Amino acid sequence: MDGILKQEATHAVDTAILLTSVGVFDSGGAGTGEAVPSPLTRVGGMTLFQRAVFTLQRGGISQIWVLAGAEEQALRQLLREDSRIQAAVRWLPVREFPPHDPQTWEA
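For reference, each letter of the sequence shown is one residue, going 58 to 164 in our numbering.
What follows is the structure, given as structure tokens:
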């Protein structure tokens, strides 16, 4: 033994996928009469979407892929107006990147 310890390389996760549209996966529960919160629902002064992005940033995520549906433009506007957002954001519209297509999830 030459006294050199083998160190395994560890890689930090720095990218997250944020699914914003509740209707993307049809679970068959449509029409149950239950109100489903939107990513634009405000809780404590900020939207659920903003909360998710801030939580990811605080956790060390520097790249966020947003799989967005009909609310994409409103979400984009939210991020443009908020200087606290530091992460790089890539938008993946549901119409172009359907969740049921395996190619959507390939690197």
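Heads up, the beta-carbon is just placed ideally off N, CA and C, and yes, glycines get one too. It should be emphasised that the depicted structure is a prediction, and the values quoted were computed from it without experimental measurement.
Practice problem: Over the uninterrupted alpha helix (DSSP H) stretch that includes Gln160, give me the two end residues. | Solution: Reading the sequence shown from its first residue, position 103 is the one you call residue 160. First-last for Gln160: undefined, no H or E at that position.
Self-check item: Of the listed residues Pro94, Gly101, Thr77 and Val93, nearest to Trp148 (C-alpha basis)
Solution: Numbered from its first residue, the sequence shown carries residue 148 at position 91. Ranked by how close their Cα comes to the Cα of Trp148, the residues Pro94, Gly101, Thr77 and Val93 have Thr77 in first place.
Quiz prompt | Local Cβ density within 10 Å of Thr112, reported as buried at 16 or more and exposed below that | solution = Taking the first residue of the sequence shown as position 1, residue 112 is located at position 55. Counting C-beta atoms within 10 angstroms of its own C-beta, Thr112 has fewer than 16 neighbours from the protein chains shown and is therefore classed as exposed.
Quiz item: Quick one, which of Ile118, Ala109, Val100 and Val146 has its alpha-carbon nearest Ala69's?
Solution: Within the sequence shown, numbered from 1, the residue matching residue 69 stands at position 12. For the set Ile118, Ala109, Val100 and Val146, the Cα lying nearest the Cα of Ala69 is the one of Ile118.
Quiz item: Any C-beta of chain C sitting closer than 9 Å to the C-beta of Phe106?
Solution: You won't find chain C in this structure, because it holds only one protein chain.
Practice problem: Express the C-alpha separation of Val100 and Gln130 in angstroms, rounding to a whole number. | Solution: Taking the sequence shown and counting its residues from 1, the one referred to as residue 130 is at position 73. Taking the sequence shown and counting its residues from 1, the one referred to as residue 100 is at position 43. Between Gln130 and Val100, the C-alpha separation is close to 20 Å.
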